[in-house]
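Novice: Chains as they are written, first to last, in this note's numbering: chain W, 82 to 262; chain V, 82 to 262; chain H, 82 to 262; chain E, 82 to 262. Glycine residues also receive a C-beta, built at the ideal position from the N, C-alpha and C atoms.
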DNA sequence: TATGAATGAGGCTTCATTCAT
DNA sequence: AATGAATGAAGCCTCATTCAT
């Protein structure tokens, strides 16, 4: 945010970000397991050795990426839920924010999993306010996250209308699959 | 199945199976991306060169593994749903068979995804029979599979009662999260 | 010695020897510390990866080299001393065999040190037979080895007559530096 | 010695000394060959680039270290021999000064070798005065230095009494190993 | 067909050295 | 002058793959 930094510091921050961005891209394309440090460097304008001025391993980059995600994404992930007063608003806010973040920021399953506790807490809270049925919040949170991730993946791979997907998912979790009597 | 094969054939089948078993183990432990052909061989009593008499790449082994899964697991995965006459029976059969297969056969997300089309077809069928509400079958299938996989993973990692988990999942998808009026 | 080996075995032995020979040369030229595994490979007709089929580190090569030295050199190093009946014969045999081995086999300080115990035992034995004065055998052995190594090095570097050097060293240790009365 | 220097000069001298001290330590621990410039810098409070303001290579540092040794150690190494009037005094002074310097200053083989010429000159001188038998001074110097280094090393590694070691070495070189008639 | 050693490409990491600050 | 990050060469090691046996 603040650009009033000595030049060296600014370059360091920039290079660190180059590596994080490259890693995000590489991890998304090949998966964490298949990615190599060299792949990360190659996704960067930096020289091979420079990687090790910033991180000591692929794992450390992942950790930094997760931390970054936590800082920037988790707030956005939960923001819509805060003011939800009905279950429908809650679900709708949840799914649309996941779909949006996946599209714009390459949100991944691991990042979502990091939001598990937030979501569960919000669900428990909502259940106590009577907004939700008194279900096992952990199970519901897991179901919501898994479903959102899977559907977001499908949207990304196969295209589709985000609004419509949000509506479908919301409806499913709101009323279930039981046919109207 | 049939053991009346000439010796050569039998050994060939056995070696092929060694490789598949080794690969399944290695993929499960390290993930497909991080696994190497050497890792697979090492999980086997065979020599390095022998691998290439059966497969030409890691990818080909994965394909064979998927086919094997499809042959042996998919039937078991869908068997319970065939005779379901209510949505509740359908969901219950689905979740309990996934949880059981995960526990006994190390079923993985990819295997489940292979069951996607079956499940969607069954869902569409059921919807036409009026057993389910007329929802987007693709979205529902994705939600069910993702949820089942996630919950099965949690059961495997943290322990828990399979029957209870089945009941919770079934209830969630049957009636949704809306509180009773 | 035995050449009646299947071809594969023969090649393996040969390659192992390539590496040992390369390593001996490289260690002698640059010293053990400065030598790299790559240097060793380069002193060989083999490919880089082949090194690791035989050894896992530079250190392991050194150990093998030491073992080889012990097997082939130590007997030759001590052979002359066995039948020595006077101190003069003993010393003369010792120095001439060290000078000869250094010249023909690149004997090194470490190899000599491996002969320390042999030499000390022989010295103690000789002292008990009255061939030597009753001195501290360890100190004498250390002095003899260090002197022999140093003088052999000088001979190798600066040239000189082996026989004369043997005589000088023998005389020094036989009678000491005290002037005749 | 002189501290009346402008501040800049003083700091320069200090940094140079940091490098020399670090290098001495590193060379002693890993050997010259295995040591890297980075190792030297790391043994120093200085930054990487600073090294090159003082030296251009590891080799140059070694040269400086040798020069330093020559200046400070060689005088002490030969001081005892100056007033020796008998061979016994000469030898005793030589060995005890080597053992002492090794213990307190980490004297190394290379440093000793730097004392070779001094020692040979002293030996020749002494031989002309009739204190020593008329032996090849070069060979005797080599023998004395090699023995002293080896025994000093043993003392350092295995402990032992310096005075006793001095006596043993002196006796050996004074009278040789020949048994009394 | 099975074996396992050889190969050299390529990944990981550290190094010497430079140079903007 | 001191700093310390950037660079890319080069060392270490493992890998996929081939091929003689």
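Can you check whether the C-beta of residue 152 (chain W) is within less than 8 Å of a C-beta belonging to chain V?
Specialist: Here residue 152 (chain W) refers to the residue found at position 71 when the first chain is read from its first residue. No, residue 152 (chain W) does not count as interfacial toward chain V.
Novice: Just the chain H side, please: which residues come within less than 8 Å of residue 120 (chain E) by C-beta, in chain order?
Specialist: Locating residue 120 (chain E) in the fourth chain gives position 39, where the first residue counts as 1. Chain H residues near residue 120 (chain E): none, gap ~11 Å exceeds 8 Å.
Novice: Answer yes or no: does any C-beta atom of chain W fall closer than 8 Å to that of residue 205 (chain V)?
Specialist: Here residue 205 (chain V) refers to the residue found at position 124 of the second chain. Taking Cβ atoms only, chain W never reaches closer than 8 Å to residue 205 (chain V), which makes this a no.
Novice: Taking C-beta pairs closer than 8 Å, name the residues in chain E that residue 255 (chain H) reaches, listed in chain order.
Specialist: Here residue 255 (chain H) corresponds to residue number 174 of the third chain, with the count starting at 1. Here the neighbours are 257, 258, 259.
Novice: Can you find a C-beta in chain H that's less than 8 Å from the C-beta of residue 159 (chain E)?
Specialist: Translated into positions along the fourth chain, residue 159 (chain E) becomes position 78. Judged by the 8 Å Cβ criterion, residue 159 (chain E) is not in contact with chain H.
Novice: With three or more beta-carbon pairs closer than 8 Å as the criterion, would you say the region 236-255 of chain V touches the region 192-204 of chain V?
Specialist: Too few Cβ pairs lie closer than 8 Å, so no.
Novice: Helix, strand or coil for residue 258 (chain V)? Go by DSSP, reduced to three states.
Specialist: Looking up residue 258 (chain V) in the second chain gives position 177. Residue 258 (chain V) falls in the coil class under three-state DSSP.
Novice: Taking residue 210 (chain W) as the reference, give the member of W:259, W:157, W:167, W:138 with the closest Cα.
Specialist: Within the first chain, numbered from 1, the residue matching residue 210 (chain W) stands at position 129. Per the Cα distances, W:167.
Novice: Determine, for residue 252 (chain E), whether the minimum Cβ-Cβ distance to residues of chain H falls below 8 Å.
Specialist: For the purposes of this step, residue 252 (chain E) is taken as the residue at position 171 of the fourth chain. Yes, residue 252 (chain E) counts as interfacial toward chain H.
Novice: Using the C-alpha atoms, what's the distance from residue 101 (chain W) back to residue 223 (chain V)?
Specialist: As a position in the second chain, residue 223 (chain V) is number 142, starting the count at 1. As a position in the first chain, residue 101 (chain W) is number 20, starting the count at 1. Their backbone Cα atoms lie some 31 Å apart in a straight line.
Novice: To the nearest angstrom, report how far apart residue 202 (chain V) and residue 217 (chain V) are at their CA atoms.
Specialist: Here residue 202 (chain V) is taken as the residue at index 121 of the second chain, counted from 1. Here residue 217 (chain V) is taken as the residue at index 136 of the second chain, counted from 1. Going by the C-alpha atoms only, they are around 11 Å apart.
Novice: Among the residues of its own chain, which have a CB less than 7 Å from the CB of residue 255 (chain W), if the five just before and after it don't count?
Specialist: Translated into positions along the first chain, residue 255 (chain W) becomes position 174. Excluding sequence neighbours, residue 255 (chain W) sits near 168, 169, 172.
Novice: In angstroms, rounded to a whole number, what distance separates the CA positions of residue 146 (chain V) and residue 104 (chain W)?
Specialist: As a working note, residue 146 (chain V) is residue 65 in the second chain. As a working note, residue 104 (chain W) is residue 23 in the first chain. Rounded to the nearest angstrom, the two C-alpha atoms are 30 Å apart.
Novice: Please go through the same chain and pick out, in chain order, the residues whose beta-carbon is closer than 8 Å to the beta-carbon of residue 99 (chain H), but skip the five residues on each side of it.
Specialist: Against the third chain, residue 99 (chain H) aligns to sequence position 18. Same-chain partners within the cutoff: 125, 126, 127.
Novice: So, using beta-carbon positions, are residue 96 (chain H) and residue 133 (chain H) closer together than 8 Å?
Specialist: Working through the third chain from its first residue, we reach residue 96 (chain H) at position 15. Working through the third chain from its first residue, we reach residue 133 (chain H) at position 52. Contact flag unset, no.
Novice: Taking Cβ positions, are residue 165 (chain H) and residue 151 (chain H) nearer each other than 8 Å?
Specialist: To locate residue 165 (chain H), count along the third chain from 1; it is residue 84. To locate residue 151 (chain H), count along the third chain from 1; it is residue 70. For residue 165 (chain H) and residue 151 (chain H), no; Cβs fall outside 8 Å.
Novice: If we cut at 8 Å on Cβ distances, does residue 164 (chain W) have a partner in chain V?
Specialist: Here residue 164 (chain W) is taken as the residue at index 83 of the first chain, counted from 1. Chain V, which has no Cβ nearer than 8 Å to the Cβ of residue 164 (chain W), makes this no.
Novice: Which of the three DSSP states, helix, strand or coil, is assigned to residue 185 (chain W)?
Specialist: For this step, residue 185 (chain W) is matched to residue 104 along the first chain. Three-state result, residue 185 (chain W): helix.
Novice: Have a look at residue 232 (chain V) and residue 193 (chain W) and give me their C-alpha separation to the nearest angstrom.
Specialist: By 1-based counting over the second chain, the position of residue 232 (chain V) is 151. By 1-based counting over the first chain, the position of residue 193 (chain W) is 112. Using only the alpha carbons, I get a separation of about 15 Å.
Novice: Between which residues of its own chain and residue 82 (chain H) is the CB-CB distance below 8 Å, once the five residues before and five after are set aside?
Specialist: The count along the third chain starts at 1 and reaches residue 82 (chain H) at position 1. With a pLDDT of only 46 at residue 82 (chain H), under 50, the local geometry of the prediction cannot be trusted, and the value read off the model is given with reservation. Answer for residue 82 (chain H): no residue qualifies.
Novice: How big is the Cα-Cα spacing for residue 257 (chain V) and residue 116 (chain W)?
Specialist: As a position in the second chain, residue 257 (chain V) is number 176, starting the count at 1. As a position in the first chain, residue 116 (chain W) is number 35, starting the count at 1. Looking at the two C-alpha atoms, the distance is approximately 40 Å.
Novice: How about residue 199 (chain V): is its C-beta nearer than 8 Å to some C-beta of chain W?
Specialist: Here residue 199 (chain V) is taken as the residue at index 118 of the second chain, counted from 1. It does not; no Cβ of chain W falls within 8 Å.
Novice: Cβ of residue 82 (chain E) less than 8 Å from any chain H Cβ?
Specialist: By 1-based counting over the fourth chain, the position of residue 82 (chain E) is 1. The pLDDT assigned to residue 82 (chain E) is 48, lower than 50, so where the model puts this residue is not dependable, and the model offers no usable value.
Novice: Can you give me the Cβ contacts of residue 120 (chain E) inside the same chain, cut-off strictly under 6 Å, excluding the 5 residues immediately before and after it?
Specialist: If you number the fourth chain from 1, residue 120 (chain E) lands on position 39. For residue 120 (chain E), where only same-chain residues beyond five positions count, the Cβ hits under 6 Å are 107.
Novice: Taking the alpha carbon of residue 110 (chain E) as the reference point, which residue from E:251, E:187, E:262 has its own alpha carbon closest?
Specialist: In the fourth chain, the residue the question calls residue 110 (chain E) occupies position 29. Residue 110 (chain E) has its Cα closest to that of E:187, out of E:251, E:187, E:262.
Novice: Quick check: residue 143 (chain E) and residue 182 (chain E), are their CB atoms within less than 8 Å of each other?
Specialist: Your numbering for residue 143 (chain E) matches position 62 in the fourth chain. Your numbering for residue 182 (chain E) matches position 101 in the fourth chain. In this structure, residue 182 (chain E) does not lie closer than 8 Å to residue 143 (chain E) by Cβ.
Novice: Distance cutoff 8 Å, beta carbons only. Does residue 66 (chain H) sit that close to anything in chain E?
Specialist: Only positions 82 to 262 of chain H appear in the structure, and residue 66 (chain H) is not among them; the question remains open.
Novice: So, at 7 Å on beta carbons, what are the nonlocal neighbours of residue 154 (chain W) in its own chain, with the 5 sequence-adjacent residues on each side left out?
Specialist: In the first chain, residue 154 (chain W) corresponds to position 73, counting from 1. If we look at residue 154 (chain W) and ignore the five residues flanking it on each side, its Cβ neighbours are 182, 186, 188, 192.
Novice: If you reduce the DSSP assignment to three classes, tell me which class residue 240 (chain W) lands in.
Specialist: Within the first chain, residue 240 (chain W) is the residue found at index 159, counting from 1. Here residue 240 (chain W) sits in coil by DSSP.
Novice: Can the beta-carbon of residue 131 (chain H) be found closer than 8 Å to that of residue 227 (chain E)?
Specialist: The residue given as residue 131 (chain H) occupies position 50 in the third chain. The residue given as residue 227 (chain E) occupies position 146 in the fourth chain. Not a contact, by the Cβ cut-off of 8 Å.
Novice: Buried or exposed: where does residue 112 (chain H) fall if 16 or more other Cβ atoms within 10 Å of its Cβ makes it buried?
Specialist: Working through the third chain from its first residue, we reach residue 112 (chain H) at position 31. The residue in question, residue 112 (chain H), is exposed, as its Cβ has fewer than 16 Cβ neighbours within 10 Å.
Novice: In chain H, which residues lie with their C-beta within 9 Å of the C-beta of residue 192 (chain E)?
Specialist: Looking up residue 192 (chain E) in the fourth chain gives position 111. None at all; the shortest Cβ gap to chain H is about 15 Å.
Novice: DSSP state of residue 111 (chain E), grouped into three classes?
Specialist: Locating residue 111 (chain E) in the fourth chain gives position 30, counting from the first residue. Here residue 111 (chain E) sits in helix by DSSP.
Novice: Residue 156 (chain V) lies in the alpha helix (DSSP H); which residues open and close that run?
Specialist: Residue 156 (chain V) sits at position 75 when you count from the first residue of the second chain. From DSSP, the alpha helix (DSSP H) with residue 156 (chain V) extends over 139-163.
Novice: Are residue 259 (chain W) and residue 214 (chain V) touching if we call contact CB-CB under 8 Å?
Specialist: Numbered from 1 along the first chain, position 178 holds the residue referred to as residue 259 (chain W). Numbered from 1 along the second chain, position 133 holds the residue referred to as residue 214 (chain V). Yes, these two residues count as a Cβ contact at 8 Å.
Novice: In this structure, does DSSP put residue 24 (chain V) in helix, strand or coil?
Specialist: Outside the shown range of chain V, which is 82 to 262, sits residue 24 (chain V), and nothing can be said about it.
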